[in-house]
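All remarks here apply to the structure that follows.
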Amino acid sequence: MVDVRVWRHFRAVLLAPVLMAVVVPLAIWLTAGLRQVEVPAAGRWLALAVGGALVSAGVALFLWTNVLFDREGKGTLAIFDPPRRLVVRGPYRHVRNPMITSVIAVLFGEAVMTRSSWLMLWSLTFLGVNMLFMPLFEEPGLVRRFGEDYMRYRANVPRWLPRVRPWSGPSD
Numbered sequence: 001m002v003d004v005r006v007w008r009h010f011r012a013v014l015l016a017p018v019l020m021a022v023v024v025p026l027a028i029w030l031t032a033g034l035r036q037v038e039v040p041a042a043g044r045w046l047a048l049a050v051g052g053a054l055v056s057a058g059v060a061l062f063l064w065t066n067v068l069f070d071r072e073g074k075g076t077l078a079i080f081d082p083p084r085r086l087v088v089r090g091p092y093r094h095v096r097n098p099m100i101t102s103v104i105a106v107l108f109g110e111a112v113m114t115r116s117s118w119l120m121l122w123s124l125t126f127l128g129v130n131m132l133f134m135p136l137f138e139e140p141g142l143v144r145r146f147g148e149d150y151m152r153y154r155a156n157v158p159r160w161l162p163r164v165r166p167w168s169g170p171s172d
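Those letters in the sequence shown? Residues 1 to 172, per full-length UniProt numbering, in order.
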């Protein structure tokens, strides 16, 4: 029998990140053909190494943030099962959107590894949409759900570019 918590996260991950970071890139890759930006042999190895590092770091960060949403927030990344408590531990002490950062790292890593200009365009599109969505829709919702705690957090932790030193807010 599958643990209910595992199933909740599995559904949430399938709905958004897997769709954005696996299904859409695969569809782009298959429909745009296997055309790659031409680079010398050394550049191909460098692209694989850099892209692989971005994908690996993105997946690791994504897993970490999901564990925090479960353990600290008592919820998932899905809009139908959001965290019930504000999560301000781990990477959330450095940047407000580490989960989106992780997906963006995976997307850019895929684009670099495959040397696909179409996947790079998708990565930039995804980044642009999130740069609009977060301040216009997600953050006002977080203010409504978490009130003063979120407003204090938002005032101290940047949205996109991480703080070097972690914020030492209320969850120490």
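Glycine included, every Cβ here is placed at the ideal spot set by N, Cα and C.
Please report the distance separating the alpha-carbon of residue i from that of residue j.
| i | j | result |
| --- | --- | --- |
| D172 | G128 | Here the model assigns D172 a pLDDT of 45, short of 50, so the residue's position is not dependable, and the following value carries that caveat. If I take the Cα positions, the gap works out to 33 Å. |
| G73 | A53 | 28 Å |
| R85 | P91 | 16 Å |
| T125 | F137 | 17 Å |
| S168 | R152 | 11 Å |
| A27 | W122 | 11 Å |
| L68 | V87 | 7 Å |
| A16 | A47 | 26 Å |
| V50 | V112 | 7 Å |
| T101 | G58 | 7 Å |
| E139 | P83 | 14 Å |
| G43 | S56 | 19 Å |
| G109 | W45 | 13 Å |
| F62 | E38 | 31 Å |
| Q36 | L19 | 23 Å |
| M1 | L107 | Per-residue confidence for M1 stands at a pLDDT of 48, beneath the threshold of 50, marking its modelled position as unreliable; no derived number is given. |
| N130 | R154 | 17 Å |
Helix or strand or just coil, what does DSSP make of residue i?
| i | result |
| --- | --- |
| F80 | coil |
| E138 | helix |
| W160 | coil |
| M1 | For M1, the predicted model reports a pLDDT of 48, less than 50, meaning its position is unreliable; a value from the coordinates is still stated below. DSSP places M1 in coil when its eight states are reduced to three. |
| E148 | helix |
| A16 | coil |
| G75 | coil |
| R165 | coil |
| V143 | helix |
| R154 | helix |
| D172 | At D172, the pLDDT of 45 sits below 50, so the modelled position is not reliable; the number obtained from the coordinates is stated separately. Three-state result, D172: coil. |
At which residues does the alpha helix (DSSP H) containing residue i begin and terminate?
| i | result |
| --- | --- |
| M99 | P98 to T114 |
| W64 | A41 to R71 |
| S117 | S117 to F133 |
| V95 | That residue, V95, is in no alpha helix (DSSP H); it is neither H nor E in DSSP. |
| L26 | V24 to T31 |
Closest by CA to residue i, which one among the options?
| i | options | result |
| --- | --- | --- |
| R89 | P140, T65 and P83 | T65 |
| V22 | E38, V112, V103 and V67 | V103 |
| P40 | I100, A60 and R115 | R115 |
| I79 | L142, P166 and R163 | L142 |
| V24 | E38, R71, M120 and F146 | M120 |
Report yes or no: is there a C-beta of chain C within less than 7 Å of the C-beta of residue i?
| i | result |
| --- | --- |
| L48 | Absence of chain C from the displayed structure is noted, only one protein chain being present. |
Point to revise | Segment contact, 8 Å Cβ cut-off, at least three pairs: the segment 94 to 104 with the segment 155 to 167 | key: yes
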